[in-house]
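Structure, as structure tokens:
Number of protein chains: 2
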Amino acid sequence: MATSTVENYLKHILLLSEGGDALVPMGLLAESLDVVPGTVTTMVKSLADGGLVHHRPRQGVRLTESGSRLALGVLRKHRLVETFLVNVLKMDWSAVHAEAEQLEHAISNDVLDRLDALLGHPAVDPHGDPIPSRQGKISSQVYATLATCSMAKPLRVVRVTEQSPEFLQFAEQNGLLPGAVIRITDRSLTAGLVTLKRNGAKLLLALSLAAAGRILVEPAPQRA
Amino acid sequence: MATSTVENYLKHILLLSEGGDALVPMGLLAESLDVVPGTVTTMVKSLADGGLVHHRPRQGVRLTESGSRLALGVLRKHRLVETFLVNVLKMDWSAVHAEAEQLEHAISNDVLDRLDALLGHPAVDPHGDPIPSRQGKISSQVYATLATCSMAKPLRVVRVTEQSPEFLQFAEQNGLLPGAVIRITDRSLTAGLVTLKRNGAKLLLALSLAAAGRILVEPAPQRA
DNA sequence: GGCTTTACTTTGATTAGTCAAAATAAAACT
DNA sequence: AGTTTTATTTTGACTAATCAAAGTAAAGCC
Numbered sequence: 181m182a183t184s185t186v187e188n189y190l191k192h193i194l195l196l197s198e199g200g201d202a203l204v205p206m207g208l209l210a211e212s213l214d215v216v217p218g219t220v221t222t223m224v225k226s227l228a229d230g231g232l233v234h235h236r237p238r239q240g241v242r243l244t245e246s247g248s249r250l251a252l253g254v255l256r257k258h259r260l261v262e263t264f265l266v267n268v269l270k271m272d273w274s275a276v277h278a279e280a281e282q283l284e285h286a287i288s289n290d291v292l293d294r295l296d297a298l299l300g301h302p303a304v305d306p307h308g309d310p311i312p313s314r315q316g317k318i319s320s321q322v323y324a325t326l327a328t329c330s331m332a333k334p335l336r337v338v339r340v341t342e343q344s345p346e347f348l349q350f351a352e353q354n355g356l357l358p359g360a361v362i363r364i365t366d367r368s369l370t371a372g373l374v375t376l377k378r379n380g381a382k383l384l385l386a387l388s389l390a391a392a393g394r395i396l397v398e399p400a401p402q403r404a
Numbered sequence: 181m182a183t184s185t186v187e188n189y190l191k192h193i194l195l196l197s198e199g200g201d202a203l204v205p206m207g208l209l210a211e212s213l214d215v216v217p218g219t220v221t222t223m224v225k226s227l228a229d230g231g232l233v234h235h236r237p238r239q240g241v242r243l244t245e246s247g248s249r250l251a252l253g254v255l256r257k258h259r260l261v262e263t264f265l266v267n268v269l270k271m272d273w274s275a276v277h278a279e280a281e282q283l284e285h286a287i288s289n290d291v292l293d294r295l296d297a298l299l300g301h302p303a304v305d306p307h308g309d310p311i312p313s314r315q316g317k318i319s320s321q322v323y324a325t326l327a328t329c330s331m332a333k334p335l336r337v338v339r340v341t342e343q344s345p346e347f348l349q350f351a352e353q354n355g356l357l358p359g360a361v362i363r364i365t366d367r368s369l370t371a372g373l374v375t376l377k378r379n380g381a382k383l384l385l386a387l388s389l390a391a392a393g394r395i396l397v398e399p400a401p402q403r404a
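Chains A and G, in that order, give the protein sequences.
The number in our numbering is simply the position in the first sequence, starting from 1, with 180 added.
The number in our numbering is simply the position in the second sequence, starting from 1, with 180 added.
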């Protein structure tokens, strides 16, 4: 079995490569894992020895087939555990990320499959992130964000791509959970602001463009 | 936070000291943890530096107050996780010990408390072992075993003090789960055999004395 | 094209946990 | 009491993962 350190490296590489097979720069990986760059270099070389990644020196790192399989397995554990913590144990969705970071390395595939069944084989976790299938497939639909979408039509929040409890709490308090239907009332690139109105809410809500870019949306069906 | 190695040492010391504050010999601890004795000596000295155990050189080791608190916490996690795996995820009780060994080090107290509530604050795990309370109290009732109990009256199995999947499967197949009511028909010290009959079963069942000593019983109420 | 900045790699050291094997203390036999 | 056995401790070495700091390659910039 891979150590949880190895599992973490693979998971971060997967997340940083955005589904594609682009090279992940070493520095980015170091920052993401919160270790110094030298550490990443040594670890990546040993992962490469183990056939889990390809290392292009001075350029970056990319998952191999078997590294990718492993990384998707870890991600599946992470997201199913998060779903369990929120749906069954009723935990705050802003708190479950840290818990899942630990549990994803301790849970067996047997337990995972039972959890999956208990939850009804969910396709996305509470943040709206897609859960890889047991076969390692991940539905990688490309969504627009509040910063990039068209402004005309009503939108439904599908996903919040940010893990920090502060941001998630902010999102929750303002009703920006996956499923919420909203409408953009204004977007100013110069001010760096997006203003929107939630269905059923009285007040307008202003968001920085940076924050808006973390919220993925799809067109909401007209007048449900 | 204590590493999972530290947690394991403390848990094993707790289990080997049988609730009392007897000194646990280093060799026994080494065997129980499946490491060589030299490793235990070094680790125990560092645990002693951390104030978690008292080390009497060449004699053994004993938990301090704070070591005991930590160990009971780990044991609580272990047994609640086992209960969850059996009661909620419907896993085989003979398989859950190994799973819980991993999960006990990864689960937070917050998650644990929610699990505890979900399960209805159980007092014992599926093997009949008592679950320490959140305050670290453990109901340490002393039970007789099939090897030591009186033979006259009907008995109820309360606990199976053995973790190996083989033994647990054997027990399960022969209906010796906690709660089962049985009656001893014969016990021969010379042959090393105990023979018994389960309520509702047709056949007699023979057990070695060693195996019988792993099964704790209490007097069953007469004709329920 | 040469200088500077930035990103990455190397080197040497550290910590946690482990083993193998030699050394020692205590207990157990004659 | 002296010797043997057994349990424990010490010593030296190893692996995984890390950091600090020095070294190097590649881009970017006059």
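Glycine residues also receive a C-beta, built at the ideal position from the N, C-alpha and C atoms.
Checklist line | Residue closest to glycine 129 of chain A, alpha-carbon to alpha-carbon, out of A/Ile318, A/Val337, A/Ala332 and A/Leu299 | finding: Because chain A here runs from 181 to 404, residue 129 of chain A falls outside it and cannot be looked at.
Notebook entry, point to check: If you draw a straight line from the alpha carbon of arginine 403 of chain A to that of valine 338 of chain A, how long is it in whole angstroms?
Noted result: For this step, residue 403 of chain A is matched to residue 223 along the first sequence. For this step, residue 338 of chain A is matched to residue 158 along the first sequence. Summary for arginine 403 of chain A: the model assigns pLDDT 49, below 50, so the residue's position carries little reliability, and this model does not support an answer.
Next item on the list: May I have the straight-line CA-CA distance separating glutamine 282 of chain A from serine 248 of chain G, to the nearest angstrom?
Entry: As a first step, residue 282 of chain A must be located in the first sequence, where it is residue number 102. As a first step, residue 248 of chain G must be located in the second sequence, where it is residue number 68. Going by the C-alpha atoms only, they are around 24 Å apart.
Checklist line | Identified DSSP bridge partners for alanine 386 of chain G | finding: The count along the second sequence starts at 1 and reaches residue 386 of chain G at position 206. Beta-bridge pairing links alanine 386 of chain G to G/Thr375.
Check: Taking just the CA atoms, how far does threonine 341 of chain A sit from valine 276 of chain A?
Finding: Mapped onto the first sequence, residue 276 of chain A falls at position 96. Mapped onto the first sequence, residue 341 of chain A falls at position 161. C-alpha separation (whole angstroms): 14 Å.
Check: If you count every other CB in all the chains shown that lies within 10 Å of the CB of glycine 240 of chain A, and 16 or more means buried, which is it?
Finding: To locate residue 240 of chain A, count along the first sequence from 1; it is residue 60. Buried, because 16 or more other Cβ atoms sit within 10 Å of the Cβ of glycine 240 of chain A.
Margin query: Quick check: the region 182-202 of chain G against the region 243-259 of chain G, are at least 3 beta-carbon pairs closer than 8 Å?
Written below: yes
Notebook entry, point to check: Hey, does glutamine 282 of chain G have any beta-carbon neighbour from chain A nearer than 8 Å?
Noted result: Reading the second sequence from its first residue, position 102 is the one you call residue 282 of chain G. Chain A, which has a Cβ nearer than 8 Å to the Cβ of glutamine 282 of chain G, makes this yes.
Item checked: Residues that glutamate 279 of chain G contacts on chain A, provided the C-beta gap is smaller than 7 Å -> Position 99 of the second sequence, counted from the first residue, corresponds to residue 279 of chain G. Near glutamate 279 of chain G (Cβ distances below 7 Å), the residues of chain A are Ser288 and Val291.
Item checked: Residues of the region 242-272 of chain A whose Cβ lies closer than 9 Å to any Cβ of chain G, in chain order -> Leu265, Val268, Leu269, Lys270 and Met271
Next item on the list: Mind listing, in chain order, the continuous beta strand (DSSP E) runs of no fewer than 3 residues lying wholly within the region 203-270 of chain G?
Entry: Counting only runs of 3 or more, we get 233-236 and 240-243.
Checklist line | Three-state secondary structure (DSSP) of aspartate 305 of chain G | finding: Taking the second sequence and counting its residues from 1, the one referred to as residue 305 of chain G is at position 125. The answer is coil: DSSP assigns aspartate 305 of chain G none of H, G, I, E or B.
Note to self: Taking a contact to mean a Cβ-Cβ separation below 8 Å, would you say glutamate 284 of chain A touches valine 304 of chain A in this structure?
What the structure shows: Counted from its first residue, the first sequence places residue 284 of chain A at position 104. Counted from its first residue, the first sequence places residue 304 of chain A at position 124. No, Cβ-Cβ distance for glutamate 284 of chain A and valine 304 of chain A is not below 8 Å.
Checklist line | Buried/exposed call for leucine 383 of chain G, threshold 16 Cβ in 10 Å | finding: Counted from its first residue, the second sequence places residue 383 of chain G at position 203. Classification for leucine 383 of chain G: exposed.
Check: If you compare alpha carbons, which of A/Ser226, A/Arg394 and A/Met206 is closest to histidine 307 of chain A?
Finding: Taking the first residue of the first sequence as 1, we reach residue 307 of chain A at position 127. Looking at the Cα atoms, A/Arg394 is the closest of the given residues.
Check: Between A/Leu250, A/Phe347, A/Asp290 and A/Ser368, which lies nearest to serine 274 of chain A when the distance is taken from Cα to Cα?
Finding: Here residue 274 of chain A refers to the residue found at position 94 when the first sequence is read from its first residue. The shortest C-alpha separation from serine 274 of chain A is found at A/Phe347.
Check: At least one CB of chain A closer than 8 Å to the CB of arginine 294 of chain G: is that the case?
Finding: Within the second sequence, residue 294 of chain G is the residue found at index 114, counting from 1. Closer than 8 Å to some Cβ of chain A, the Cβ of arginine 294 of chain G qualifies, so yes.
Checklist line | Burial state of aspartate 229 of chain A (16 or more Cβ within 10 Å) | finding: Indexing the first sequence from 1 puts residue 229 of chain A at position 49. The residue in question, aspartate 229 of chain A, is exposed, as its Cβ has fewer than 16 Cβ neighbours within 10 Å.
Note to self: Contact between the region 356-367 of chain A and the region 202-214 of chain G is defined here as three or more beta-carbon pairs at a separation below 8 Å; is this criterion met?
What the structure shows: no
Check: beta strand (DSSP E) containing aspartate 366 of chain A: first to last residue?
Finding: Indexing the first sequence from 1 puts residue 366 of chain A at position 186. Where aspartate 366 of chain A is concerned, the enclosing beta strand (DSSP E) stretches over 361-368.
Item checked: Minimum Cβ-Cβ distance from histidine 285 of chain G to chain A less than 8 Å -> For the purposes of this step, residue 285 of chain G is identified with residue 105 of the second sequence, where counting begins at 1. It does; some Cβ of chain A falls within 8 Å.
Notebook entry, point to check: Considering only residues of the same chain and omitting the five flanking positions on each side of leucine 373 of chain A, which have a CB-CB separation below 6 Å?
Noted result: As a first step, residue 373 of chain A is located in the first sequence; it is residue number 193 there, counting from the start. Within the same chain, leucine 373 of chain A has close Cβ partners Ala386.
Check: Is it true that the CB of valine 397 of chain G sits closer than 8 Å to the CB of leucine 295 of chain G?
Finding: Locating residue 295 of chain G in the second sequence gives position 115, where the first residue counts as 1. Locating residue 397 of chain G in the second sequence gives position 217, where the first residue counts as 1. It is not a contact, given that the beta carbons lie outside the stated cut-off.
Next item on the list: Run the CB neighbour count on valine 266 of chain A, radius 10 Å, all protein chains shown included, and call it buried at 16 or more, exposed below.
Entry: For the purposes of this step, residue 266 of chain A is taken as residue 86 along the first sequence, with counting starting at 1. Taking all protein chains in view, the Cβ of valine 266 of chain A is crowded by 16 or more other Cβ atoms within 10 Å, so the residue is classified as buried.
Margin query: Less than 8 Å between the C-beta atoms of leucine 326 of chain A and alanine 392 of chain A, yes or no?
Written below: In the first sequence, the residue the question calls residue 326 of chain A occupies position 146. In the first sequence, the residue the question calls residue 392 of chain A occupies position 212. Yes, the pair counts as a contact, with Cβ atoms nearer than the cut-off.
Next item on the list: Compare the beta carbon distance of serine 288 of chain G and glutamate 187 of chain A with 8 Å and say whether it is the shorter of the two.
Entry: Counting from 1 along the second sequence, the entry for residue 288 of chain G is found at position 108. Counting from 1 along the first sequence, the entry for residue 187 of chain A is found at position 7. Not closer than 8 Å, so no.
Check: What is the DSSP secondary structure of arginine 314 of chain G, reduced to helix, strand or coil?
Finding: For the purposes of this step, residue 314 of chain G is taken as residue 134 along the second sequence, with counting starting at 1. Of the three classes helix, strand and coil, the one that applies to arginine 314 of chain G here is coil, per DSSP.
Next item on the list: Hey, could you find the ends of the alpha helix (DSSP H) isoleucine 193 of chain G is sitting in?
Entry: Walking along the second sequence from the start, residue 193 of chain G turns up at place 13. For isoleucine 193 of chain G, the enclosing alpha helix (DSSP H) stretches over residues 184-196.
Item checked: Proximity test, Cβ basis, 8 Å: leucine 298 of chain A and chain G -> If you number the first sequence from 1, residue 298 of chain A lands on position 118. Yes, leucine 298 of chain A lies at the interface with chain G (some Cβ there is under 8 Å from its Cβ).
Next item on the list: Could you give the DSSP three-state label for proline 417 of chain G: helix, strand or coil?
Entry: The question about residue 417 of chain G has no answer here: the residues shown for chain G are numbered 181 through 404.
Next item on the list: Pick helix, strand or coil for arginine 294 of chain G, following the three-state DSSP scheme.
Entry: To locate residue 294 of chain G, count along the second sequence from 1; it is residue 114. Correct three-state label for arginine 294 of chain G: helix.
Check: Which residues mark the beginning and the end of the alpha helix (DSSP H) in which glutamate 279 of chain A is found?
Finding: Taking the first sequence and counting its residues from 1, one reaches residue 279 of chain A at position 99. Counting along the chain, the alpha helix (DSSP H) containing glutamate 279 of chain A begins and ends at 276-283.
Item checked: DSSP beta-bridge partners of arginine 339 of chain G -> Translated into the one-based positions of the second sequence, residue 339 of chain G becomes position 159. Looking at the DSSP assignment, arginine 339 of chain G forms a beta bridge with G/Leu396.
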